[in-house]
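Have a look at the structure below before the remarks.
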Amino acid sequence: MSELRVRLSRLPGERVAVSPDDGSAPFELALADLPAHVAEVEGGPVRARWVWDDTARWYPPLLDAGVRVERCQDLRLCRRLLRRAPAVDQALLAGDDAERWDRLGPAAASEPTLFVTDDRAEHLAADVEDDRQQRAVATSSEAGRLALLLAAESSGALVAAELRWAGMPWRTDVHERMLAERLGPRPPRGARPARLTALADEVGTLLGAPGLNPDSRPELMAALRRRGLDVPDVRTWTLRQLDHPVVEPLVAYKQLSHLFATNGWEWLDTWVRDGRFRAGYQPAGSSTGRWSSDGGGALSLPALVRPAAVADDGWRLVVADVAQLEPRVLAGMSGDLALAGAARGGDLYQAMADAGAVGSRSDAKLGLLGAMYGATSGESGRLVAGLTRRYPRAFGLVEEAARAGERAQPVRTLLGRGSPPIGEESGELWAGDLDAPPADDVSLARQDRLRRAYGRFTRNFVVQGTGAEWALCWIADLRNRLWSLPAAPGAPLTDRPHLVAFLHDEVVVHTPEPLAGDVEREARAAAAGAGRLLFGDAPLDFPLSVSVVTSYAEASK
DNA sequence: TAACCATGCGCC
DNA sequence: AGGGCGCATGGTTA
C-alpha cells in the first residue's frame with residue numbers, strides 16, 4: 000500500500016491548510032473539524048503519514064477527540080536531526096522560513112494544544128518544509144538509514160504524546176502512606192516534615208551547632224570542621240568514610256530531604272491527577288537522541304516511589320527492559336564477532352567472563368563501561384587495555400570516536416545522527432581558529448581539556464546514540480503491535496494495552512490482565528525486529544527481561 | 001528581585 | 001580526572 004503524506008499547516012483564524020502530496024488540490028479546514036477529517040482518513044483505505052510542525056501541538060487534541068494516528072513526520076524534530084546529519088547537504092534545507100523552522104522550540108507542556116491562540120508556528124508551511132526535508136534525505140549518501148531514523152524519531156513523538164495523554168496509573172494513597180511512614184504527616188507549605196526536623200536537630204546537637212541547617216553546605220562544612228572532620232565536600236559517599244555518630248543521621252537527613260523535595264507531596268499535587276501521573280517528555284531532548292523529561296521527572300522515578308505505580312483493577316503492568324543494551328549495540332555496529340558472540344545470550348558480561356576475556360563478570364562490566372565512558376585510569380582503565388586486545392573492533396570503534404572528538408571532529412550514530420560541534424555543549428567558545436596556535440599556556444591547557452572532554456563525549460555519543468535509535472525502533476514497533484491486539488471495536492487507546500512509560504531501555508505497558516502474555520510476546524518480537532532493522536542479520540540478541548506485575552516496584556531488574 | 005551557578009542526588 | 005539527563009537547594013550576581 001502506498002503512502003499519502005498529508006501536510007498540515009496552522010492558519011490564522013482557527014483554520015488548517017491541508018496539502019496532500021498526491022497532486023490533489025490543497026484545501027482548508029476549520030480547526031474544529033480536524034479530528035473528524037483525520038479519523039476519516041485513518042479509517043479509510045489510504046495509509047496516511049501526517050506531516051506537521053510539532054507532534055506535541057497537533058496530537059493531543061486528536062487524542063482528546065478519540066483519534067489515534069498511525070504514523071507522522073514531526074518536522075521540528077526531523078529538521079533538528081537533519082541539521083546536524085553529516086550526510087546531508089545543508090544547502091537543501093535553506094529557503095522560505097528556514098530560520099523560523101530552525102528556531103522552533105518544543106511546544107510548552109502546559110499548552111499542548113492547537114486550540115490555544117498561539118502564533119508561534121502560524122504561517123509555517125508544512126508542505127514547503129516537508130519537500131525540503133524529503134529532498135535532503137533522498138539526495139544524501141545515507142538515504143535509507145536517515146529515512147528510517149526520521150520515521151523512528153517521529154513515531155517516538157507519537158509515543159511521547161500518548162504517554163502523557165494516558166498517564167502512568169498512580170495510587171496517591173500508596174505514595175502518601177510511604178511519605179508519612181518516612182517523613183511524618185504532611186507539613187504546612189514551606190515547612191519541614193517532623194522527621195526531617197528531628198534529624199536536623201540531632202545533627203546540630205551532635206556537631207555542637209544548635210539550629211544548624213543541614214541544607215546549607217557552608218554551614219555544614221564549617222560545623223564538621225569545628226569537630227575535626229575535614230571533608231572536601233559533603234557528598235553521602237564522602238560522609239560515609241567518616242567514623243562519627245553524626246554520619247548516620249546526616250545521611251538519613253540528606254536522603255529523606257531529597258525524597259521530600261523531589262517526589263514529596265508537592266510533586267503529587269503537581270503531577271498526579273485523577274489517578275494518573277502525567278509527565279512531560281521531550282523526544283531527542285538529549286543531544287545523543289535520548290529522550291529527556293521536562294516536568295515530573297518521568298525518566299528518573301526513584302525506586303522509593305515506584306510502589307505507587309499500580310495497575311488498575313483487573314489490569315497489569317508489563318515491565319520489559321533490555322539487558323546491557325549499549326554493549327550489544329556496540330557489538331552490532333562494530334561488527335565485532337567475538338563481542339557479538341557474547342551478546343547471543345541473556346548475560347553479556349557473564350558470557351565475556353566465560354569466554355575467558357576477563358576474570359569475572361564484574362570485571363567485564365567495569366571494563367566495558369569504562370571503554371564507553373572513557374575511563375583512563377584505575378581498575379577500569381586497566382581492564383580496558385586488556386579487553387581491547389580481546390575485542391579489537393568493538394573497542395577500536397569507541398577509541399576511534401574518541402580520537403575524532405579530540406581532533407574536534409563530530410561523529411555520527413549508526414543511522415546518521417550527528418553529534419553537536421565541539422564547544423557548543425560546554426558553552427566555552429574556541430578563541431579563534433582551531434588550527435591557530437593557542438596564545439599562551441593557559442589557553443593551551445584549556446583547549447586540551449576541552450578536546451579531551453569532547454573526545455569522551457563523542458566516544459559515548461556513538462554508542463548511547465545508537466542505543467537510543469534501537470530503543471526508538473523498539474517502541475515504534477511495539478506501539479503498533481499493541482494497537483493490533485484484540486480490543487472492542489472503536490475502543491480508545493486507554494481501553495487497550497498501551498504504553499505508560501519509556502525510560503531509555505525499558506518500557507511499561509498497562510494492559511488488561513488476560514492480554515499480559517500477548518503484550519510480553521509483542522515486546523519481545525518488537526525487540527527482535529529493532530535488532531534486524533539496525534543490524535540486519537548480524538548474529539546478535541536483544542533479550543528482554545519481562546515482569547508482569549501489579550506494581551512497578553515488583554518488577555525485577 | 002530575578003537570573004544564574006554550583007552542588008548533590010536520583011535515574012538510565 | 002567516566003557519558004547522558006532533571007530537579008532541588010543555597011548562594012551569588014546583575
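Numbering that gives the first Met the number 0 puts the first residue of the first sequence at 0, with every later residue one more than the last. All C-beta atoms, glycine included, are put in the ideal place defined by N, C-alpha and C. Please read all numbers here as calculations on a predicted model, not as lab measurements.
Own chain residues within Cβ distance below 6 Å of residue i, not counting five before or after
| i | result |
| --- | --- |
| residue 226 | 206 |
| residue 411 | 85, 417 |
| residue 13 | 30 |
| residue 545 | 319, 519 |
| residue 402 | none |
| residue 6 | 18, 50, 125, 126, 129 |
| residue 565 | Absent from the structure is residue 565, since the part of the chain shown begins at 0 and ends at 556. |
| residue 298 | 292, 502 |
| residue 364 | 348 |
Inter-residue Cα distance where the pair is residue i and residue j
| i | j | result |
| --- | --- | --- |
| residue 455 | residue 371 | 8 Å |
| residue 383 | residue 234 | 28 Å |
| residue 406 | residue 357 | 32 Å |
| residue 141 | residue 415 | 7 Å |
| residue 132 | residue 88 | 10 Å |
| residue 164 | residue 276 | 10 Å |
| residue 175 | residue 17 | 48 Å |
| residue 74 | residue 482 | 24 Å |
| residue 101 | residue 138 | 21 Å |
| residue 295 | residue 346 | 33 Å |
| residue 532 | residue 513 | 30 Å |
| residue 79 | residue 524 | 30 Å |
| residue 480 | residue 369 | 36 Å |
| residue 213 | residue 196 | 10 Å |
| residue 216 | residue 310 | 41 Å |
| residue 72 | residue 134 | 14 Å |
| residue 507 | residue 549 | 12 Å |
| residue 530 | residue 540 | 8 Å |
| residue 220 | residue 54 | 48 Å |
Contacts around residue i, its chain only, beta-carbon distance under 7 Å, and the 5 residues preceding and following it disregarded
| i | result |
| --- | --- |
| residue 171 | 267, 271 |
| residue 64 | 34 |
| residue 387 | 394 |
| residue 264 | 178, 185 |
| residue 420 | 409 |
| residue 25 | 16, 17, 18 |
Strand pairing of residue i, partner residues [DSSP]
| i | result |
| --- | --- |
| residue 17 | 7, 26 |
| residue 167 | 276 |
| residue 2 | 46 |
| residue 506 | 319, 501 |
| residue 314 | 511 |
| residue 417 | 411 |
Neighbourhood of residue i by C-beta, 8 Å cutoff - its chain only, sequence neighbours within 5 removed
| i | result |
| --- | --- |
| residue 244 | 205 |
| residue 553 | 546 |
| residue 94 | 127, 131 |
| residue 239 | 246, 250 |
| residue 136 | 81, 87, 142, 145, 146, 149 |
| residue 391 | 335 |
Supposed close pair residue i, residue j - CB separation, criterion 8 Å
| i | j | result |
| --- | --- | --- |
| residue 366 | residue 379 | 7 Å |
| residue 498 | residue 161 | 7 Å |
| residue 15 | residue 27 | 7 Å |
| residue 314 | residue 511 | 6 Å |
| residue 258 | residue 198 | So it is not a contact: roughly 12 Å between Cβ atoms. |
| residue 521 | residue 477 | 6 Å |
| residue 211 | residue 201 | Not a contact, Cβ separation roughly 10 Å. |
| residue 152 | residue 76 | 5 Å |
| residue 413 | residue 465 | 4 Å |
Complete alpha helix (DSSP H) runs within the region 385-412 (minimum length 4 residues, chain order):
Listed in chain order, they are 391-405.
For the region 520-554, which segments carrying the alpha helix (DSSP H) assignment without a break, of at least 4 residues, lie completely within its bounds, in sequence order?
Here no run is fully enclosed.
Please specify which runs of the alpha helix (DSSP H), each continuous and at least 4 residues long, are wholly inside the region 121-154, giving them in chain order.
DSSP runs (the alpha helix (DSSP H)) wholly in the region 121-154: 125-137.
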